[in-house]
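**Student:** Okay, handing you the structure first.
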Amino acid sequence: MTTLSEHAIAILRENDRGSYTVPTKGLYPFQWNWDSCLTALGQRHFDEARAWTEIETLFAHQWLCGMVPHIVFHQMDDGYFPGPTVWATGRPVPTSGITQPPVAGFALKRLFDRATDRPAAEAQARALLPKVAAWHRWFFATRDPGGEGLVAILHPWESGRDNSVDWDAPFARVPTDGIAPYTRRDTQHANPEHRPTKAQYDRYLWLVEHFRALDWDTARMHDASPFQVIDPGFNAILIRSCAELADLADALGETALAAENRALAAKGLAAMESLWSPEHGQYLCRDRAAGALIDSPSVGGLLAAFCAIPPARAEAITAKIEAHGTRFRVASHPPQSAEFDAKRYWRGPVWLVVNYMIADGLAHAGQEAAAARITASSLDLIRESGFAEYYDPITGEPLGGGRFTWTAAMVLEFLA
Ligand code: DGY
44 MTTLSEHAIA ILRENDRGSY TVPTKGLYPF QWNWDSCLTA LGQRHFDEAR AWTEIETLFA
104 HQWLCGMVPH IVFHQMDDGY FPGPTVWATG RPVPTSGITQ PPVAGFALKR LFDRATDRPA
164 AEAQARALLP KVAAWHRWFF ATRDPGGEGL VAILHPWESG RDNSVDWDAP FARVPTDGIA
224 PYTRRDTQHA NPEHRPTKAQ YDRYLWLVEH FRALDWDTAR MHDASPFQVI DPGFNAILIR
284 SCAELADLAD ALGETALAAE NRALAAKGLA AMESLWSPEH GQYLCRDRAA GALIDSPSVG
344 GLLAAFCAIP PARAEAITAK IEAHGTRFRV ASHPPQSAEF DAKRYWRGPV WLVVNYMIAD
404 GLAHAGQEAA AARITASSLD LIRESGFAEY YDPITGEPLG GGRFTWTAAM VLEFLA
């Protein structure tokens, strides 16, 4: 009988394209930024060298300004839209022109700490450290122009939580006029009922065309964007990565990079308090353009636990997860909410990568029992429903793409 870990390794190998891994065949045929960093954490369990390569490949496509793009289009594939000709970023190997949750600093430190080949780990970490630091610096320079310590996303795709309820209100400000006619490809690979709507796609595309008209000048995009949202989950990932990178830099004797990243983490952590909602008992997004918190208690506010939030906040987040009351945790939106949709992408379904980061953060904050419940629930889901992209939190039904890379990677981490 194939064990869970053998099954997970087979999926990671099947989706391996040599120096990068596709999230899943068909639906996502290129390299995605945070998928790759989390994938490396799975690969390290059976091929440490390959895990380093995954992150190395991603950073080989870092822009001069420091941004690491959300997609690298290594090979042409008509099965995905919007492809390189829509982005038109003018890169030698085409990439998108927006970024994704910066989990690389965290992944790098974890690979380094747990590596068995120490000389290789030291060489790899030394080479990647300044690149990740440059990405962090880029975030605060271009996405936090007011210097508040928190960065804004300019497109829902940057959050990774594409169609979260969080973006509904700020999306009302994004027009759809003038966009070029297009044909979606995602709905040919996955059930349209489980994917974002056309109204959302029109706005995703409007923003892409808007930034393209600015020649992808990342220094100008923030102020020119009608969509500027401070996502607590995204910021928690950045803050945690800054803190981990600071520790890694210390271990490698790079004291200036250590001090820089420690200061960014401390400032960000203090600023996270401005996203706390006593009414919801969790963190919320802030619409920077409108200057107000967004009344949407999504999983983005629970993912905040990934950085070193105060213990009382972690306890409140544990209580919120319990209050969801779903058979499988953690739902991406509370089932009690009118907008909850058990099967539609980020409006209800469970995602294993989010579970992994919440569990890790809660365990660090002294909520070990809650973390263990999330891990157990994640593995139950895999045993019952296989390695899907995401799952219905009530029935456990597998949804979206199948044989999914980062789901497999997280299983190897959960089993370790
Ligand atoms: C998609 O196309 O669904 C992606 O989430 C964008 O990165």
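Residue numbers (this note's numbering): 44 to 459.
From the three backbone atoms N, C-alpha and C, an ideal C-beta is built for every residue, glycine too.
Just so you know, these numbers come straight off a predicted model, no measurement behind them.
Confirm the yes/no value for this check: CB of residue 389, any heavy atom of ligand 1, distance under 7 Å.
**Tutor:** Distances from the CB of residue 389 to the heavy atoms of ligand 1 are all 7 Å or more.
**Student:** With distances taken Cα to Cα, identify the nearest neighbour of residue 159 among 225, 94, 358, 175.
**Tutor:** 94
**Student:** Could you tell me if the beta carbon of residue 338 falls within a distance shorter than 7 Å of some heavy atom in ligand 1?
**Tutor:** no
**Student:** Would you mind stating whether residue 193 and residue 171 have Cβ atoms separated by less than 8 Å?
**Tutor:** no
**Student:** Using CA coordinates, which residue listed in 439, 422, 312 is at the minimum distance from residue 374?
**Tutor:** 439
**Student:** Taking 7 Å as the limit between beta carbons, can you name the residues of its chain near residue 246, skipping five residues before and five after?
**Tutor:** 214, 217, 219
**Student:** For ligand 1, I want to know if residue 210 counts as a neighbour, meaning its beta carbon is within less than 7 Å of at least one of the ligand's heavy atoms.
**Tutor:** no
**Student:** Evaluate contact between the stretch 134-142 and the stretch 56-65, counting only Cβ atoms and requiring at least three cross-stretch pairs below 8 Å.
**Tutor:** In short, these stretches do not touch, since the Cβ pair count stays below three.
**Student:** Report back the beta-carbon spacing between residue 202 and residue 277 to the nearest angstrom; my notes put them in contact at under 8 Å.
**Tutor:** Their Cβ separation, rounded to whole angstroms, is 5 Å, which keeps residue 202 and residue 277 in contact under 8 Å.
**Student:** Which whole-angstrom value is the C-beta distance of residue 113 and residue 285, which I expect to be below 8 Å?
**Tutor:** Incorrect: roughly 19 Å between the Cβ atoms, too far for contact.
**Student:** Mind checking whether residue 431 and residue 409 have CB atoms under 8 Å apart?
**Tutor:** no
**Student:** For residue 48, list the residues DSSP reports as bridge partners.
**Tutor:** None, per the DSSP bridge assignment.
**Student:** Could you tell me whether the stretch 343-354 touches the stretch 394-403, where touching means 3 or more Cβ pairs closer than 8 Å?
**Tutor:** yes
**Student:** Which one or two residues does DSSP pair with residue 197 in a beta bridge?
**Tutor:** Partner(s): none; residue 197 has no beta bridge.
**Student:** Restricting to Cα atoms, I'd like to know which of 44, 123, 256 is closest to residue 140.
**Tutor:** 256
**Student:** Could you give the DSSP three-state label for residue 219: helix, strand or coil?
**Tutor:** coil
**Student:** Quick check on residue 273: does DSSP put it in helix, strand or coil?
**Tutor:** strand
**Student:** Ignoring anything shorter than 4 residues or poking outside the stretch 283-366, list the alpha helix (DSSP H) runs there in chain order.
**Tutor:** The stretch 283-366 is shown to contain whole alpha helix (DSSP H) runs of 4 or more residues at 298-315, in chain order.
**Student:** So the alpha helix (DSSP H) residue 231 belongs to, where does it begin and stop?
**Tutor:** Boundaries of the alpha helix (DSSP H) harbouring residue 231: 229-232, taken from the DSSP string.
**Student:** Would you report the Cα separation of residue 428 and residue 176, rounded to the nearest angstrom?
**Tutor:** Rounded to whole angstroms, residue 428 and residue 176 show a C-alpha spacing of 39 Å.
**Student:** CB of residue 114 to nearest heavy atom of ligand 1: below 7 Å?
**Tutor:** yes
**Student:** Leaving out five residues on either side along the sequence, give the residues of the same chain with a beta carbon under 6 Å from the beta carbon of residue 310.
**Tutor:** If we look at residue 310 and ignore the five residues flanking it on each side, its Cβ neighbours are 192.
**Student:** Give the single residue among 47, 77, 324, 169 whose Cα lies nearest to the Cα of residue 301.
**Tutor:** 169
**Student:** CB of residue 130 to nearest heavy atom of ligand 1: below 7 Å?
**Tutor:** no
**Student:** Measuring straight from C-alpha to C-alpha, what distance separates residue 84 and residue 258?
**Tutor:** 34 Å
**Student:** Between residue 392 and residue 434, is the Cβ-Cβ spacing less than 8 Å?
**Tutor:** yes
**Student:** Report the start-end ranges of each alpha helix (DSSP H) in the stretch 155-208 that is 4 residues or longer and not cut off at the edges.
**Tutor:** 161-186, 199-202
**Student:** Out of 144, 143, 267, state which residue places its alpha-carbon closest to the alpha-carbon of residue 188.
**Tutor:** Nearest C-alpha to residue 188: 267.
**Student:** Nearest CA to the CA of residue 125: which residue from 110, 47, 101, 230?
**Tutor:** Residue nearest to residue 125 within the set 110, 47, 101, 230 is 230 (criterion: CA-CA distance).
**Student:** Taking the alpha carbon of residue 272 as the reference point, which residue from 208, 79, 104, 454 has its own alpha carbon closest?
**Tutor:** 208
**Student:** Measure how close the beta-carbons of residue 67 and residue 457 come, nearest whole angstrom, since I'm counting them as under 8 Å.
**Tutor:** Incorrect: roughly 19 Å between the Cβ atoms, too far for contact.
**Student:** Give me the residue from 122, 59, 262, 49 with the minimum Cα distance to residue 228.
**Tutor:** 122
**Student:** What first and last residue would you give for the alpha helix (DSSP H) that runs through residue 401?
**Tutor:** Element bounds for residue 401: 395-407.
**Student:** Look at the alpha carbon of residue 100 and the alpha carbon of residue 74, and state the distance between them as a whole number of angstroms.
**Tutor:** 9 Å
**Student:** Among 421, 416, 383, whose alpha-carbon lies nearest the alpha-carbon of residue 396?
**Tutor:** 421
**Student:** Mapping the DSSP letters down to three states, classify residue 141 as helix, strand or coil.
**Tutor:** DSSP places residue 141 outside both helix and strand once states are collapsed to three, so it counts as coil.
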